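K.L.:
Sharing a structure with you now.
There are 2 protein chains.
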Amino acid sequence: MNSPLRSKKIDQTGTGYLPGLAIDCVIFGFHEQQLKILLLEYQNTNLLALPAGFIQEEENINDAARRVLAERTGLTDIYLDQFYVFGDQSRHDPAPMRAIMEAKGMAVDDNHWLLRRFVSVSYYALVDFTRAVPNPDVLSDSCDWYDLASLPTLMLDHQHIVQKALETLRTDLDRKLIGFNLLAETFTMGELQRLYETILGQELHRSGFQRKMLSLGILERLEKQYNGGAHKAPYAYRFVSDK
Amino acid sequence: MNSPLRSKKIDQTGTGYLPGLAIDCVIFGFHEQQLKILLLEYQNTNLLALPAGFIQEEENINDAARRVLAERTGLTDIYLDQFYVFGDQSRHDPAPMRAIMEAKGMAVDDNHWLLRRFVSVSYYALVDFTRAVPNPDVLSDSCDWYDLASLPTLMLDHQHIVQKALETLRTDLDRKLIGFNLLAETFTMGELQRLYETILGQELHRSGFQRKMLSLGILERLEKQYNGGAHKAPYAYRFVSDK
DNA sequence: ACAAAAGTGTTTTAGGTACACCCATGC
DNA sequence: GCATGGGTGTACCTAAAACACTTTTGT
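Chains as they are written, first to last, in full-length UniProt numbering: chain R, 1 to 243; chain A, 1 to 243.
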């Protein structure tokens with residue numbers, strides 16, 4: 001992998017990448033009843049941004065997105081969906097990237113390729129929180145999970161991108177049955193319901209939810225899980241694709 | 001407007017446009033119970049392609065799509081939706097564009113910007129067939145409607161783009177209530193139903209369809225239309241947005 | 001009179017909501 | 001025993017599907 005944001009040296013010209021095009025990824029995770037996304041914090045600037053990357057000249061853009069995801073989470077088998085292209089010129093603002101590069105001690109030319117206008121092809125990804133290992137890129141000193149419910153201010157229009165990603169996730173949740181990607185291999189019906197409630201931002205009726213999920217024919221019931229709770233042990237379930 | 005595909009002279013360098021990025025438009029119309037799309041035929045090559053364009057350096061990409069649409073149809077108030085970015089390197093094939101340019105009598109350099117790899121941001125549009133005035137660009141000698149049901153072979157991966165546009169239209173039809181954009185200002189319930197049936201590729205029950213449409217509260221009933229048919233005169237309806 | 005398309009009514013079915021009941025477990 | 005969370009059963013309501021009936025027009 002030779003992303004300019006990963007290699008030790010930052011390319012001065014952007015050679016080898018499609019110019020003016022970037023990948024931004026909204027990586028969702030779910031932990032302790034909270035929906036979270038992965039953010040990078042840049043060194044000495046307090047700037048927070050979505051994991052991003054560029055597209056190699058001989059690379060498919062969807063593969064570039066998978067590469068970014070693999071670099072930031074260590075995971076390769078991830079649910080990933082392109083959801084929008086942000087291409088307004090108003091989103092172009094070289095100031096934050098300049099601040100990041102200067103904080104890195106770089107001499108920054110006004111014409112540096114990273115300061116030019118970029119069109120962002122945005123993806124959202126759903127990962128198993130317990131399996132992801134966040135990993136910062138060369139320009140950032142941290143890569144961590146942040147609660148979606150109390151998100152700090154983000155760089156550029158990244159807040160807007162997150163908002164649109166969440167809207168897409170909400171409408172896709174029923175249509176594409178993708179929620180399971182946010183859970184571990186096996187899970188209880190209660191965990192699944194709390195996930196749905198968190199994503200949709202509303203409470204769901206327990207019995208109806210259970211019946212609907214089971215009627216979809218995509219859940220395999222396993223043995224009961226004795227977690228030591230003061231109640232009946234729930235069944236564990238596994239998602240089974242029907243292909 | 002100074003698109004290189006519209007101006008009399010074709011720019012040799014692509015100056016003024018975002019490099020490597022193109023807009024492709026699947027423009028749907030509906031006429032005589034057929035779903036149609038607008039295609040360009042290039043001079044002396046038998047090559048058919050989707051209406052396309054590039055993005056000016058100071059232009060929003062959605063505005064670029066509107067500009068392409070206005071140039072090809074003469075319409076400015078059009079339903080338009082971004083639906084996918086096609087960015088596989090395998091879609092890069094300079095041969096057809098070279099043939100088009102050579103057929104135009106141009107001397108074509110191997111490094112000509114139009115022969116390089118492009119990432120396509122694709123849009124679908126819904127237009128009122130009776131109001132659109134197809135208008136070819138400078139490289140093509142015709143811009144006309146083609147039946148979606150019996151589409152000829154298209155350039156590059158444009159067949160694939162059309163397929164994905166149609167799939168998106170089908171799923172959006174119920175969710176976004178956009179079908180009316182394909183009809184004239186007023187229409188009968190029968191016309192609307194035949195439109196839905198054509199798009200979805202399946203027959204719908206007449207009474208259920210009528211009730212469902214009326215229950216949405218987005219149709220205003222006007223006077224009856226006496227078309228001279230050997231049957232009861234249908235009501236005319238108009239779409240009313242509820243904002 | 002009849003066919004054709006339009007508008008409306010009726011019955012049946014399916015899915016969802018709401019609520020109730022019982023089960024298993026730890027305190 | 002009791003609170004807690006889990007699984008299932010039942011009544012109810014709404015929306016869709018399927019079908020029937022009536023209306024209006026031209027031939």
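Every residue, glycine too, gets a C-beta built ideally from N, C-alpha and C.
A quick note: this is a predicted structure, and the numbers were derived from the prediction, not measured.
(1) Three Cβ pairs or more, each shorter than 8 Å: is that satisfied between the stretch 16 to 23 of chain A and the stretch 13 to 23 of chain R?
(2) Hey, which unbroken runs of the alpha helix (DSSP H) at 4 residues or more fall wholly within the UniProt domain "Nudix hydrolase" (20 to 170) of chain A?
(3) Residue 119 of chain R and residue 61 of chain A: beta carbons closer than 8 Å?
(4) Nearest chain R C-beta to residue 88 of chain A closer than 8 Å, yes or no?
(5) With contact counted as at least three CB pairs below 8 Å, one residue from each stretch, are the stretch 101 to 111 of chain R and the stretch 23 to 39 of chain R in contact?
(6) Look at the alpha carbon of residue 204 of chain A and the alpha carbon of residue 173 of chain A, and state the distance between them as a whole number of angstroms.
(7) Three-state secondary structure (DSSP) at residue 232 of chain R?
(8) Along the chain, where does the alpha helix (DSSP H) that runs through residue 197 of chain R open and close?
(9) Please look up how many angstroms separate the CB atoms of residue 139 of chain R and residue 100 of chain R, rounded, as I've assumed it's under 8 Å.
(10) Rounded to the nearest angstrom, what separates residue 73 of chain A and residue 135 of chain A at their Cα positions?
(11) Under 6 Å Cβ to Cβ from residue 224 of chain A, same chain only, skipping five residues before and after it: list those, please.
(12) Applying a beta-carbon distance threshold of less than 9 Å, which residues of chain R neighbour residue 18 of chain A?
(13) When the cut-off is 8 Å and only beta carbons count, does residue 58 of chain R lie next to chain A?
(14) Using three-state DSSP, classify residue 227 of chain A as helix, strand or coil.
(15) Taking its Cβ as the centre, do 16 or more other Cβ atoms sit within 10 Å of residue 149 of chain R, making it buried, or is it exposed?
(16) In chain order, what residues of the same chain have a beta carbon less than 7 Å from the beta carbon of residue 185 of chain R, not counting five sequence neighbours either side?
(17) Hey, quick one: how far does the alpha helix (DSSP H) through residue 244 of chain A stretch, first residue to last?
(18) Work out the CA separation of residue 230 of chain A and residue 85 of chain R for me, nearest whole Å.
(19) Report the rounded CA-to-CA distance for residue 196 of chain A versus residue 53 of chain A, giving the unit in angstroms.
(20) Residues in the same chain with beta-carbon distance under 6 Å from residue 39 of chain A, minus the five sequence neighbours each way, listed in chain order, please.
(21) So which of R/227, R/163 and R/167 has the shortest CA-CA distance to residue 188 of chain R?
(22) Using a Cβ-Cβ cut-off of 8 Å, state whether residue 62 of chain R counts as contacting chain A.
P.N.:
To lay it out plainly:
(1) yes
(2) 61 to 73 and 94 to 103
(3) Start at 1 with the first residue of the first sequence, and residue 119 of chain R comes out as number 119. Start at 1 with the first residue of the second sequence, and residue 61 of chain A comes out as number 61. Contact: yes.
(4) Position 88 of the second sequence, counting from 1, holds the residue named residue 88 of chain A. Yes, because at least one Cβ of chain R sits closer than 8 Å to the Cβ of residue 88 of chain A.
(5) no
(6) Against the second sequence, residue 204 of chain A aligns to sequence position 204. Against the second sequence, residue 173 of chain A aligns to sequence position 173. Spanning the two alpha carbons is a distance of roughly 14 Å.
(7) Within the first sequence, numbered from 1, the residue matching residue 232 of chain R stands at position 232. Note: residue 232 of chain R maps to coil in three-state DSSP.
(8) Position 197 of the first sequence, counted from the start, is the residue given in the question as residue 197 of chain R. Residues 189 to 200.
(9) The residue labelled residue 139 of chain R in the question sits at position 139 within the first sequence. The residue labelled residue 100 of chain R in the question sits at position 100 within the first sequence. About 6 Å separates the two Cβ atoms, so the contact holds.
(10) Translated into the one-based positions of the second sequence, residue 73 of chain A becomes position 73. Translated into the one-based positions of the second sequence, residue 135 of chain A becomes position 135. Residue 73 of chain A and residue 135 of chain A: Cα-Cα distance of roughly 6 Å.
(11) Sequence index remark: in the second sequence, residue 224 of chain A carries index 224 (1-based). So the qualifying residues of the chain are 233 and 235.
(12) Taking the first residue of the second sequence as position 1, residue 18 of chain A is located at position 18. In chain order: 19, 20, 21, 87, 117 and 119.
(13) Taking the first residue of the first sequence as 1, we reach residue 58 of chain R at position 58. Interface residue, yes.
(14) Taking the second sequence and counting its residues from 1, one reaches residue 227 of chain A at position 227. Note: residue 227 of chain A maps to coil in three-state DSSP.
(15) Here residue 149 of chain R corresponds to residue number 149 of the first sequence, with the count starting at 1. So residue 149 of chain R counts as exposed.
(16) Translated into the one-based positions of the first sequence, residue 185 of chain R becomes position 185. Closer than 7 Å at Cβ, skipping near neighbours: 238.
(17) Residue numbering for chain A in the displayed model covers 1 to 243; residue 244 of chain A lies beyond these limits and cannot be assessed.
(18) Indexing the first sequence from 1 puts residue 85 of chain R at position 85. Indexing the second sequence from 1 puts residue 230 of chain A at position 230. Approximately 51 Å between the Cα atoms of the pair.
(19) Counting from one through the second sequence, the residue named residue 196 of chain A turns up at place 196. Counting from one through the second sequence, the residue named residue 53 of chain A turns up at place 53. Taking the straight line joining both Cα atoms gives about 30 Å.
(20) Within the second sequence, numbered from 1, the residue matching residue 39 of chain A stands at position 39. Excluding positions up to five away in sequence, the list reads 48 and 146.
(21) Here residue 188 of chain R is taken as the residue at index 188 of the first sequence, counted from 1. Considering only alpha carbons, the answer is R/227.
(22) As a first step, residue 62 of chain R must be located in the first sequence, where it is residue number 62. Closer than 8 Å to some Cβ of chain A, the Cβ of residue 62 of chain R qualifies, so yes.
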